[in-house]
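Notes follow once the structure below has been shown.
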Amino acid sequence: LVITWITLAVLFTPPALVLVLRRTVGMDKTPPAGTGSASAMEVLDDQFQSASTKRLEMVVMKCKTYCDEVSDNQVAKVFTDEIRDRVLRFGEDNPHSAVQFQSYYDFVGHPQI
């Protein structure tokens with residue numbers, strides 16, 4: 496049994512490392528050909544050539560356990576700050592990209608919330 500585990504560990508370690516250490520590739524944001532979304536994207540590209548390449552990314556965080564106020568959740572605030580730093584750093588490293596970042600914490604204390 497021990498020999499089997501050692502053999503399996505030796506065999507499966509290299510492919511596991513390849514999966515973990517490979518560079519990630521951006522997700523394709525084009526809709527499947529022949530769908531309504533594809534035809535709508537084509538019309539959008541034709542009519543708004545400079546604006547149709549903009550994409551929105553969203554991250555949703557939820558409490559693992561019940562939490563009363565999101566504004567009081569320091570773990571979510573720290574994660575939001577870390578994500579903000581990475582996104583804004585990407586914008587600095589790639590000046591041709593138009594990067595904006597908004598989070599719930601930008602609006603905490605606003606009278607309409």
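Per the numbering used here, the sequence shown starts with residue 496, numbered consecutively. Beta carbons are placed, not taken as given, at the ideal position from N, Cα and C, and that holds for glycine. Just so you know, these numbers come straight off a predicted model, no measurement behind them.
Less than 8 Å between the C-beta atoms of residue i and residue j, yes or no?
i: I578; j: V603; result: no
i: A594; j: V582; result: Correcting the residue identity first, residue 594 is Val in this sequence and not Ala. Against a cut-off of 8 Å, the Cβ pair of V582 and V594 comes out as a contact.
Would you please state the rounded distance, in angstroms, between the beta carbons of residue i and residue j? I believe it to be under 8 Å.
i: T560; j: Y600; result: At roughly 20 Å, the Cβ-Cβ gap does not stay under 8 Å, so T560 and Y600 are not in contact.
i: P527; j: A533; result: 6 Å
Looking only at its chain, what residues have a beta carbon closer than 6 Å to the beta carbon of residue i, apart from the 5 residues adjacent to it on each side?
i: S598; result: T575
Considering only residues of the same chain and omitting the five flanking positions on each side of residue i, which have a CB-CB separation below 7 Å?
i: R556; result: Just to set this straight, residue 556 is Met in the shown sequence, not Arg. So the qualifying residues of the chain are A571, F574.
i: D541; result: none
i: C558; result: N568
Report yes if the C-beta of residue i is less than 7 Å from at least one heavy atom of the ligand NAD; otherwise report no.
i: T525; result: With respect to the ligand NAD, the structure offers nothing, as it holds no ligand at all.
Checklist entry - Touch check for the stretch 557-569 and the stretch 587-598: three-plus C-beta pairs under 8 Å? => result Because the criterion of three Cβ pairs below 8 Å is not met, the stretch 557-569 and the stretch 587-598 do not touch.
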